[in-house]
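Only one structure is covered here, and it is reproduced in the block below.
Protein chains: 2
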Amino acid sequence: MTLSAIARFGAMRLAPAGASRLNTRARTASSTSGRAVHARQYVQAAIADEVEEEARVTAATPGKKRVVVLGSGWGAISFVKSLEQSAPYDVTLVSPRNYFLYTPLLPGAATGAVEDRSIVESIRRPIASKGYRYFEANALSVDPVRKTVRCRGSDHTFQDEDDLAKSQAWKEFDLEYDYLVTAVGAVPNTFGVPGVQEHCMFFKEIEHAARFRREVNERFECATLPGVPRERIQQLLKFVVIGAGPTGVELAAELYDYVYQDVAKTFPSRLLKDVSIEIIDLQEKILSTYDRRIAEYATEFFQRANIKCILGAAVKEVKDGAVVIADKDGSNQREVPFGIAVWCTGIKLNPFCEKLMDSLPEGAQENKRSLATDKNLRVKGSNGTIFALGDCATIERPRSLAKAEDLYREAARCTPDGDCEIDLSKEGVKKALRLGFDEFPHLEEICARIDEEFPKFTQGSDRMMYPEFRNMLEEVDKGLRALPATAQVAKQQGQYLASFFNESAADDERLQRGVARFDYVHKGSLAYVGKDAAVADIPGFGILKGIAAGLIWKSFETISQVSPRNVLLVAADMLRTKIFGRDISRLS
Amino acid sequence: MTLSAIARFGAMRLAPAGASRLNTRARTASSTSGRAVHARQYVQAAIADEVEEEARVTAATPGKKRVVVLGSGWGAISFVKSLEQSAPYDVTLVSPRNYFLYTPLLPGAATGAVEDRSIVESIRRPIASKGYRYFEANALSVDPVRKTVRCRGSDHTFQDEDDLAKSQAWKEFDLEYDYLVTAVGAVPNTFGVPGVQEHCMFFKEIEHAARFRREVNERFECATLPGVPRERIQQLLKFVVIGAGPTGVELAAELYDYVYQDVAKTFPSRLLKDVSIEIIDLQEKILSTYDRRIAEYATEFFQRANIKCILGAAVKEVKDGAVVIADKDGSNQREVPFGIAVWCTGIKLNPFCEKLMDSLPEGAQENKRSLATDKNLRVKGSNGTIFALGDCATIERPRSLAKAEDLYREAARCTPDGDCEIDLSKEGVKKALRLGFDEFPHLEEICARIDEEFPKFTQGSDRMMYPEFRNMLEEVDKGLRALPATAQVAKQQGQYLASFFNESAADDERLQRGVARFDYVHKGSLAYVGKDAAVADIPGFGILKGIAAGLIWKSFETISQVSPRNVLLVAADMLRTKIFGRDISRLS
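Those protein sequence lines, which keep their order, are chains U and P. Residues in the first sequence are numbered from 1 upward in steps of one, following my numbering. Residues in the second sequence are numbered from 589 upward in steps of one, following my numbering.
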């Protein structure tokens, strides 16, 4: 809690306003005991506050724009935290999850290397410290014309059927907005593989990590019982991770540490020979999206550690207790039996975003895989009133090929009669490319490598013809890729959008058009591979592997926590794990 | 983990034994990389270990007595921890809960003042460090003649119906014992009040605390939604605690802190005036079993803090959303509405103990409220082979009245002809009482107060007749009370029993008869009452109240944690709560 928030609450408690009914009682009480009025002071302040509070729920504060933020992940939290408190926005955040989750440490939480409470942060503290509002609710749909979001309060366990029916009326509510910021993330994608939903665990939220931790522990406890047949033990302790991206790899690595650091010391050692950890991926290496050297190192590291890598394998079906896989060409179909299988691969559009797309003018959103935005994160077709960021959004980047002729023409020196050069020198091509930088930022890259690229398209000649120029742009356009669905991207987008909002000072003209586009700065990739080792690819530093990278990974994950509280907790957890080992109790 | 355990595992990893199959592979692997054999070393050790391990499951180690301990609460853990590793016992612990729970901090865990993981300790670490065995299972029944316990592995979430049927066979197993130590605790008692099971939460285990924390948070989130009617908010935020013993009082106090320290800073302040915390008890004071001054202070403290105390009230029924109460005489029946009601009163016999009683010879166990033991904690009727301690046991203390005549006769000086004194002086009475000390330790107390007590029974005379002596003993016997069902008692009993076992060195004669009886030493009572204040009644120090007692409470709860790990975690939690507040995220 910030000083300003303390000041704010201090002021509320001292507020002399309206509540005359209780005032007298509070005064009487305070004459008998100084500390006794604690509760009553709050009650008094609450009444003074009430009228204002209720007014704010329904109407806009004059001079402020109403901003509704959907989500409580990386994008939403970095936007809200970076927004200046003095900026003229009346902010309401809506999310069914009332905390932020530091996702990179989810695999650690799945084995107890860190505790789940250490990597979550209540959304209410940053919200309250800025005087914003938060509702624990799902966004159901958007009316972009009336500019309202329909929301529904989360349904929780304490409500029985009767309650649900009764509460229907007041559980749903509309929020009006001037600007809507959509940061609802994505949902797991099963790619239509049958059986995934029924037989696999997913691995995206804190409850997935908690469930994994509990079930792994249960299996070891069960396998320890005296009469369990050997085949049953082997089945119980067969762990299969599907998807060898950073999440899957880290989960397998953490599980490996858990088994050889903690189970080994606390369970009968005979169990260890029946433990198997396997990871399945379609690619030929684990961490295949990382630098080739990293992927090779990690793959070898896993194989030496006895984590079986089943690579180049497509998952065809998941049955009860077995994953059916085949080679890429569909041949060699076989079964990989499992006790626990975790689906760590792929995300798809959040259903809410589908509804949002449908409510926008036809043709505005053609790609149904995520919300298309312009370079300032404005959702296409929303007239600049809806922004989207993080995993639910893709910045649409125009293809340069469409303007190839214009660029070429402009760079080609023409005579006053209109006769132009029919081929361009290397300098001419650079000029043509530079003319397109503003609209097609991806041209910058090829321009930097022009000495190398130029001859490839001219067959060695030092002049380039228009058809060759077209070929070059076509090739460059192919390299256009959406930003990866990572925490890093979402966080930077949130910060970008907040500074955009801060600078625009609620000026509709600026918010709905302009300013400088979002540029992603890749700060590096890190992944933990087990036994205190990690791999890292940090621009400017290059590739790091092994224990040194492991230290960087640990300190990075510690210091990059979102709040001082979490930094403290994660550091304490890591210290505890080092000294005392993981907590292997099975809490339900 | 202790040094000896490290040595043990070190030794296992170096074991050169049997596993020739894997040996070659391991050596090959180690020639390519030093660290690569990590997993295989264990596998190798595991195979070497396997024969021994499996043998131990079924047969006794020669020269050692097999001790089976049931439970993982205060009694069981203090017994296992105090047992010397060198003592000749082959120990197996059985409990459905694979962790020890530091129960005094359960109310703190219910609001997040401490985290649940900080107050649990895996049972496997102390067990493994001593080379004992643990099975996560329920004890079903005992055959005291064959000396076996029938157990059944816990059924967990990952098993579907099919699995359950298939596993039936190997999930149940018998354990043979030479000595059985029963420390299974008690279960909540509803005293036959209708509706308690359906509409109240209980508060005994960590999952109760977790559920309370989640549901309280849910209710505040729900009450914050914009359209919730005022009456609904009031209903959501009405918390009723039934039972004003230490647990109920601390729960209400922690909830109070949570509301005024955390909710007040993070939720709209208008909610605070609709929060109500009430505590119901049959007695006229809260903490009525404590010293009268403490009870009065605590009751007044609660009333000033705006925690409503509904005292002298009997609970007649619990309905959906309302507790029906009446005055003690049954009059003045009325309803106390609630959002959450927590049942914090009363315990009763664990069903397992009922079964155990039924399997013992008829007449051995007459009091069906708990297992009757002798003064050395041996269960009556078990021929000294079953011990019981903690909440499931009561030490049967013989009434001195039955031997009044013998004692009186022996103290009365008789002539060689057999003529005895017909009345006793004060000294004579003291002599008679002293003769009974061994069998009736409760006589010590009246002997110490004899100057005061003597005249009460002799109507002022300085001689006491036999009928008067009988009256006195009858009066003293009435004061015989079972030890309270507290952590302190169970812990001391566990320590006592372990030192009894240590000293007996597996000698059946000594274990089944003798040694010196268990004596309870009351070390004081402490209870937290909210706002950093506590009450304490410490023998030798007297009564403490307020913030100073609060500090004692906090440091006591910290340093009396069972392991260094928990001391660290609880201290860190308390620090965190002080600096950053509680974590108000709702994890499911």
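Glycine included, every Cβ here is placed at the ideal spot set by N, Cα and C.
Comparing the CB of residue i with every heavy atom of the ligand MG, is any distance shorter than 6 Å?
i        : result
VAL80(U) : Of ligands this structure carries none, so the ligand MG is not represented either.
Return the first residue and the last residue of the beta strand (DSSP E) that residue i is part of.
i          : result
VAL240(U)  : 238 to 242
ASN726(P)  : 721 to 731
ASP406(U)  : Where ASP406(U) is concerned, there is no enclosing beta strand (DSSP E), although the alpha helix (DSSP H) it sits in stretches over 404 to 411.
GLY153(U)  : 148 to 153
LYS130(U)  : Looking at the DSSP string, LYS130(U) is not in any beta strand (DSSP E), and its letter there is neither H nor E.
PRO337(U)  : 334 to 337
THR486(U)  : Premise fails: THR486(U) is in no beta strand (DSSP E) and is neither H nor E.
ALA1124(P) : 1121 to 1126
SER525(U)  : 525 to 530
PHE352(U)  : Premise fails: PHE352(U) lies in the alpha helix (DSSP H), 351 to 359, not in any beta strand (DSSP E).
THR394(U)  : 393 to 395
LYS308(U)  : 308 to 310
If you drop the 5 nearest sequence neighbours on each side, which residues of the same chain put their C-beta closer than 8 Å to that of residue i?
i          : result
THR32(U)   : Only weak support exists for where THR32(U) lies, its pLDDT of 36 falling under 50; the value from the coordinates is given anyway. Excluding positions up to five away in sequence, the list is empty.
THR24(U)   : Because the pLDDT at THR24(U) is just 34, under 50, the model does not fix this residue reliably, and the point stays unresolved.
ASP327(U)  : GLY312, ALA313 and ALA314
ARG1111(P) : Here the sequence assigns Lys to residue 1111(P), which means Arg is not the residue at that position. Contacts found: GLN1076, ILE1126 and PRO1127.
Using a Cβ-Cβ cut-off of 6 Å (strictly less than) and excluding sequence neighbours within five positions of residue i, which residues of its own chain qualify?
i          : result
VAL184(U)  : LEU70, GLY71, ASN350, PHE352 and CYS392
GLU52(U)   : Confidence in GLU52(U) is poor, its pLDDT being 42 and thus under 50, which makes the residue's placement unreliable; the coordinate value appears in the next sentence. Taken in chain order, the list of residues that qualify is empty.
ARG56(U)   : Annotation note: pLDDT 43 at ARG56(U) (below 50); position unreliable, coordinate value reported separately. Excluding residues within five positions, none has a Cβ falling inside 6 Å.
PRO246(U)  : ALA527
LEU401(U)  : LEU473, GLU474 and ASP477
ARG644(U)  : The shown model of chain U, from 1 to 588, leaves out residue 644(U), and the question about it has no answer.
THR1169(P) : One point to set straight first is that residue 1169(P) is Gly, not Thr, in the sequence displayed. Excluding positions up to five away in sequence, the list reads ASP850.
LEU587(U)  : none
Report the CB separation of residue i from residue j in whole angstroms; it is logged as a contact under 8 Å.
i         : j         : result
ARG423(U) : ARG463(U) : The amino acid at residue 423(U) is misidentified as Arg; the sequence shows Asp. Confirmed, Cβ separation roughly 4 Å.
ARG397(U) : LEU480(U) : 5 Å
SER864(P) : LYS896(P) : 7 Å
GLU703(P) : GLU136(U) : Incorrect: roughly 22 Å between the Cβ atoms, too far for contact.
GLU205(U) : LEU101(U) : 7 Å
PHE926(P) : VAL828(P) : 4 Å
VAL906(P) : GLY783(P) : 4 Å
Alpha helix (DSSP H) containing residue i: first to last residue?
i          : result
ASP451(U)  : 450 to 458
VAL567(U)  : 564 to 580
VAL196(U)  : 196 to 199
VAL1017(P) : 1014 to 1024
THR961(P)  : It is not in any alpha helix (DSSP H) - THR961(P) instead sits in the beta strand (DSSP E) that spans 959 to 961.
ALA388(U)  : Looking at the DSSP string, ALA388(U) is not in any alpha helix (DSSP H); the run it does join, the beta strand (DSSP E), is 386 to 388.
THR81(U)   : In the sequence as displayed, the identity of residue 81(U) is Lys instead of Thr. Here the alpha helix (DSSP H) through LYS81(U) covers 74 to 82.
SER1177(P) : Outside the modelled stretch of chain P, which goes from 589 to 1176, sits residue 1177(P), for which no answer is possible.
LYS861(P)  : Where LYS861(P) is concerned, there is no enclosing alpha helix (DSSP H), given that its DSSP letter is neither H nor E.
LEU544(U)  : Note, LEU544(U): premise wrong, no alpha helix (DSSP H); beta strand (DSSP E) at 542 to 546.
Tell me which same chain residues have a C-beta within less than 7 Å of the C-beta of residue i, skipping the five on either side of it?
i          : result
LEU1163(P) : none
GLY530(U)  : ALA253, TYR256, ASP257 and ALA305
SER563(U)  : GLU121
Per DSSP, what are the beta-bridge partners of residue i in this structure?
i         : result
PHE688(P) : GLU709(P)
TRP170(U) : Beta-bridge pairing links TRP170(U) to no other residue.
VAL657(P) : LEU681(P) and VAL769(P)
GLU905(P) : VAL912(P)
GLY951(P) : Answer by DSSP bridge pairing: none, since GLY951(P) is not bridged.
PRO107(U) : DSSP lists no partner for PRO107(U).
Inter-stretch contact (C-beta, 8 Å, three-pair minimum) for the stretch 712 to 722 of chain P and the stretch 801 to 811 of chain P: no
Meets three-Cβ-pair contact criterion under 8 Å: the stretch 555 to 573 of chain U and the stretch 680 to 698 of chain P: no
Cβ contact check for the stretch 919 to 931 of chain P and the stretch 777 to 794 of chain P: 3 or more pairs under 8 Å: With the cut-off at 8 Å, the stretch 919 to 931 of chain P and the stretch 777 to 794 of chain P touch.
Stretch-stretch touch, CB-based, cutoff 8 Å, three pairs: the stretch 140 to 151 of chain U with the stretch 167 to 182 of chain U: yes
Segment contact flag, the stretch 998 to 1006 of chain P with the stretch 1039 to 1051 of chain P, C-beta cutoff 8 Å, min 3 pairs: Counting Cβ pairs under 8 Å, fewer than three are found: no touch.
Contact the stretch 669 to 681 of chain P vs the stretch 1086 to 1105 of chain P: 3+ CB pairs below 8 Å: By the Cβ test, the stretch 669 to 681 of chain P is in contact with the stretch 1086 to 1105 of chain P, since at least three Cβ pairs between them sit closer than 8 Å.
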